[in-house]
């Protein structure tokens, strides 16, 4: 009787343990957690900062190599990693990062961390339909959740201004978008970057794999992109007007923004017929050999990098011509309003209580998630404009710190600067020389046409004393003030 009772107890107690061990996910030894501490800057008060903490996931892909998204790794002060969903944290470091691609490689120097971890395999091709699984650690337990693959689409990258291939999935899972791995048939097909309602967006593994291969072989020169705007040519009259003969095809190049170092031969009113051997239809799509119809922007990032020369066929001056298009490198500094400012504090200059800052998207994002509607319309107006040779960037008078010196100007803010003492201002480092340029008793700060204030007049002789007074009152850095 005692033996029978022991057998029953063993069945109820040990069977669930055996079942749990049997159902252990193979991804548990490949997915790790990242804990990131970083500086978070207040762009309304650029001299202040606080520490922010975030957690996300990484995927072991090789010997001492973990891939994750680049998001939230900027300005980091401490990076720690944890395996198994609980227990010891290990100090990590970033070995390579590209913010435009939104991909980073991290590692841990401590040998013990790598014990028991296994590299995951990245899929070379990503399906555009079917069911996949999201895997992650959640409160110390490994979670596997199903989601539906919706489509592959070309959309703007999370941290960049260029268009890239993304994987869209339907999911009811909450809190997704922190570099969770999307898996299918024992391979990873993507890393998540965001979630909105029931839509989840991921970077496809095909792109990650080609990027990491180029980086490891020393062939990666940064992300390239097509520096031109185009319009669809569905209306055949437009193509007739440009004297296109034969089948209606191609799209029309409408604008080529000014970009330093970009000397490509593409011209406005060219009909773009073919890119890299792929015919372009009137909607701007080509037939991808793997994914089917895709927008032409994908050809700039499909196994191509900055500096690559891509053959194109265009219709120009009534005949077909062949050109070589050199992909320019994606660079935040080449935007009129830079998309990002990573791994450095926000720039600012204070003169007599007047605080000047570069106009950037992070600055505009100070108005919150809905910044494109809440920020001043006058500032948003500049966001879609390309840089020009005489105006590559913009500087804004962001606020005025009250002092007797700037009496009457305390409410002035969010004004785009045109000139200071007659010198055109495009970058923050021009302010010092501009204030030194005063040839009289006054400094004259002029604002762009259309601003509610035309100019500000400052007493040149009292500027230094006022600057020192405001600097001490607000605890500002000596290197960020003008005492002239």
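Numbering (this note's numbering), first residue to last: 5 to 488.
Idealized CB from N, CA, C, for every residue including glycine.
*Could you tell me if residue 93 is buried or exposed, where buried requires 16 or more neighbouring beta carbons within 10 angstroms of its beta carbon?*
Along the chain shown, one-based indexing puts residue 93 at 89. The residue in question, residue 93, is exposed, as its Cβ has fewer than 16 Cβ neighbours within 10 Å.
_Where residue 456 falls, given that 16 or more other Cβ within 10 Å makes a residue buried_ = Working through the chain shown from its first residue, we reach residue 456 at position 452. By the neighbour-count criterion, in which a residue is buried when 16 or more other Cβ atoms sit within 10 angstroms of its Cβ, residue 456 is exposed.
*Give the straight-line distance between the Cα atoms of residue 217 and residue 188, rounded to the nearest whole angstrom.*
Indexing the chain shown from 1 puts residue 217 at position 213. Indexing the chain shown from 1 puts residue 188 at position 184. Their Cα atoms are separated by approximately 21 Å.
*Just checking my contact of residue 310 with residue 226 at CB under 8 Å: how many whole Å lie between their CB atoms?*
Along the chain shown, one-based indexing puts residue 310 at 306. Along the chain shown, one-based indexing puts residue 226 at 222. Between residue 310 and residue 226 the beta-carbon gap is near 4 Å, inside 8 Å, which marks them as a contact.
_With a threshold of 6 Å on Cβ separation, who are the neighbours of residue 445 within its own chain once the five nearest residues in sequence on each side are excluded?_
Here residue 445 refers to the residue found at position 441 of the chain shown. If we look at residue 445 and ignore the five residues flanking it on each side, its Cβ neighbours are 464.
_CB-CB length for residue 124 against residue 64, believed under 8 Å_ = Along the chain shown, read from residue 1 onward, the residue named residue 124 stands at position 120. Along the chain shown, read from residue 1 onward, the residue named residue 64 stands at position 60. Indeed, because the Cβ distance is near 6 Å, the residues count as touching under 8 Å.
*Would you report the Cα separation of residue 428 and residue 111, rounded to the nearest angstrom?*
Taking the chain shown and counting its residues from 1, one reaches residue 428 at position 424. Taking the chain shown and counting its residues from 1, one reaches residue 111 at position 107. Distance between the alpha carbons of residue 428 and residue 111 is about 46 Å.
*Are the Cβ atoms of residue 248 and residue 319 separated by less than 8 Å?*
Numbered from its first residue, the chain shown carries residue 248 at position 244. Numbered from its first residue, the chain shown carries residue 319 at position 315. Contact flag set, yes.
*Measure the Cβ-Cβ separation of residue 229 and residue 166 and say whether it is below 8 Å.*
For the purposes of this step, residue 229 is taken as residue 225 along the chain shown, with counting starting at 1. For the purposes of this step, residue 166 is taken as residue 162 along the chain shown, with counting starting at 1. The answer is yes: Cβ separation under 8 Å.
*Please look up how many angstroms separate the CB atoms of residue 471 and residue 356, rounded, as I've assumed it's under 8 Å.*
Counting from one through the chain shown, the residue named residue 471 turns up at place 467. Counting from one through the chain shown, the residue named residue 356 turns up at place 352. Between residue 356 and residue 471 the Cβ distance is about 5 Å, and since that is below 8 Å, they are a contact.
_Residue span of the beta strand (DSSP E) that contains residue 420, given as start and end_ = As a working mapping, residue 420 is identified with position 416 in the chain shown. DSSP places residue 420 inside the beta strand (DSSP E), whose first and last residues are 419-424.
_Residue from 461, 441, 85 whose Cα sits closest to the Cα of residue 59_ = Along the chain shown, read from residue 1 onward, the residue named residue 59 stands at position 55. Distance check between residue 59 and each of 461, 441, 85 places 85 closest, using alpha-carbon atoms only.
_Range of the contiguous beta strand (DSSP E) that encloses residue 84_ = What you label residue 84 is simply residue 80 of the chain shown in a count that begins at 1. Per DSSP, the continuous beta strand (DSSP E) segment holding residue 84 begins and ends at 80-86.
*Drop a sphere of 10 angstroms on the beta-carbon of residue 46, count the other beta-carbons inside from all chains shown, and report buried for 16 or more, exposed for fewer.*
Counting from 1 along the chain shown, the entry for residue 46 is found at position 42. Burial call: exposed.
_Looking at the secondary structure, which residues open and close the beta strand (DSSP E) in which residue 315 lies?_
Here residue 315 refers to the residue found at position 311 when the chain shown is read from its first residue. 313-320 is the span of the beta strand (DSSP E), which, as asked, contains residue 315.
*For residue 422 and residue 452, believed in contact at Cβ under 8 Å, the rounded distance*: Against the chain shown, residue 452 aligns to sequence position 448. Against the chain shown, residue 422 aligns to sequence position 418. Sure, about 5 Å apart at Cβ, within 8 Å.
*Over the uninterrupted alpha helix (DSSP H) stretch that includes residue 467, give me the two end residues.*
Taking the first residue of the chain shown as position 1, residue 467 is located at position 463. Where residue 467 is concerned, the enclosing alpha helix (DSSP H) stretches over 467-478.
*Looking at the structure shown, is residue 175 part of a helix, part of a strand, or coil, going by DSSP?*
Within the chain shown, the letter at position 171 stands for residue 175. Of the three classes helix, strand and coil, the one that applies to residue 175 here is coil, per DSSP.
*Nearest-angstrom Cα separation, counted from residue 100 out to residue 109*: Within the chain shown, numbered from 1, the residue matching residue 109 stands at position 105. Within the chain shown, numbered from 1, the residue matching residue 100 stands at position 96. It is roughly 5 Å from the alpha-carbon of residue 109 to the alpha-carbon of residue 100.
*Assuming residue 420 and residue 400 form a contact by the criterion Cβ under 8 Å, report the distance between their Cβ atoms to the nearest whole angstrom.*
The residue you call residue 420 lines up with position 416 of the chain shown. The residue you call residue 400 lines up with position 396 of the chain shown. Rounded to the nearest angstrom, the Cβ distance from residue 420 to residue 400 is 5 Å, consistent with a contact under 8 Å.
*Sorted by chain position, which residues of the same chain lie with C-beta nearer than 6 Å to residue 316's C-beta, five sequence neighbours on each side aside?*
Here the question's residue 316 lines up with position 312 in the chain shown. Same-chain partners within the cutoff: 279, 327, 329.
_C-alpha gap between residue 298 and residue 105, whole angstroms_ = For the purposes of this step, residue 298 is identified with residue 294 of the chain shown, where counting begins at 1. For the purposes of this step, residue 105 is identified with residue 101 of the chain shown, where counting begins at 1. Rounded to the nearest whole angstrom, the C-alpha separation of residue 298 and residue 105 is 19 Å.
*So who's on the other strand from residue 282, going by DSSP bridges?*
Counting from one through the chain shown, the residue named residue 282 turns up at place 278. DSSP output for residue 282 lists 279 as bridge partner(s).
*Comparing alpha-carbon positions, which option in 239, 171, 376 lies nearest residue 133?*
Residue numbering aside, residue 133 sits at position 129 when the chain shown is read from its first letter. Answer by Cα proximity: 171.
*Leaving out five residues on either side along the sequence, give the residues of the same chain with a beta carbon under 8 Å from the beta carbon of residue 384.*
Position 380 of the chain shown, counting from 1, holds the residue named residue 384. Same-chain partners within the cutoff: 368, 376.
*Is there contact here, the region 130-149 with the region 270-286, by at least three beta-carbon pairs under 8 Å?*
The count of Cβ pairs closer than 8 Å, one atom from the region 130-149 and one from the region 270-286, stays below three, leaving the stretches out of contact.
*Contacts around residue 25, its chain only, beta-carbon distance under 8 Å, and the 5 residues preceding and following it disregarded*: Taking the chain shown and counting its residues from 1, one reaches residue 25 at position 21. Low per-residue confidence applies at residue 25: pLDDT is 46, beneath 50, and the placement is therefore not dependable enough to give any value.
_Inter-residue spacing [alpha-carbon to alpha-carbon] between residue 466 and residue 82_ = Taking the first residue of the chain shown as 1, we reach residue 466 at position 462. Taking the first residue of the chain shown as 1, we reach residue 82 at position 78. Residue 466 and residue 82: Cα-Cα distance of roughly 44 Å.
*When DSSP labels each residue in this structure, what does residue 432 get in the three-state scheme?*
Reading the chain shown from its first residue, position 428 is the one you call residue 432. Judged by DSSP in its simplified three-state form, residue 432 adopts helix.
*asked:* Only counting the same chain, and skipping five residues up and downstream in sequence, which positions put a Cβ closer than 7 Å to that of residue 473?
replied: Along the chain shown, read from residue 1 onward, the residue named residue 473 stands at position 469. Apart from the 5 residues on each side of it in sequence, residue 473 sits with its Cβ closer than 7 Å to the Cβ of 407 in its chain, given in chain order.
*Could you check which residue in 136, 439, 143 has the C-alpha nearest to that of residue 150?*
Residue 150 sits at position 146 when you count from the first residue of the chain shown. Minimum Cα distance to residue 150 is reached at 136.
*Which residue's Cα is closest to the Cα of residue 145: 439, 29, 333?*
Your numbering for residue 145 matches position 141 in the chain shown. Comparing Cα-Cα distances from residue 145 to each of 439, 29, 333, the minimum goes to 29.
*First through last residue of the alpha helix (DSSP H) which encompasses residue 166*: As a position in the chain shown, residue 166 is number 162, starting the count at 1. Premise fails: residue 166 is in no alpha helix (DSSP H) and is neither H nor E.
*Under a Cβ-count criterion, where at least 16 other Cβ atoms within 10 Å of its own Cβ denotes burial, should residue 193 be classed as buried or exposed?*
Working through the chain shown from its first residue, we reach residue 193 at position 189. So residue 193 ends up on the buried side.
*Would a C-beta distance cut-off of 8 Å place residue 174 and residue 154 closer than the cut-off?*
Counted from its first residue, the chain shown places residue 174 at position 170. Counted from its first residue, the chain shown places residue 154 at position 150. By the CB criterion at 8 Å, residue 174 and residue 154 fall inside the cutoff.
*asked:* I'd like the list of long-range same chain contacts for residue 231, defined as Cβ closer than 8 Å, with 5 residues on each side in sequence excluded.
replied: One-based indexing of the chain shown puts residue 231 at position 227. Counting only Cβ-Cβ distances below 8 Å, and skipping sequence neighbours, we find 260, 261, 263, 266, 268, 332.
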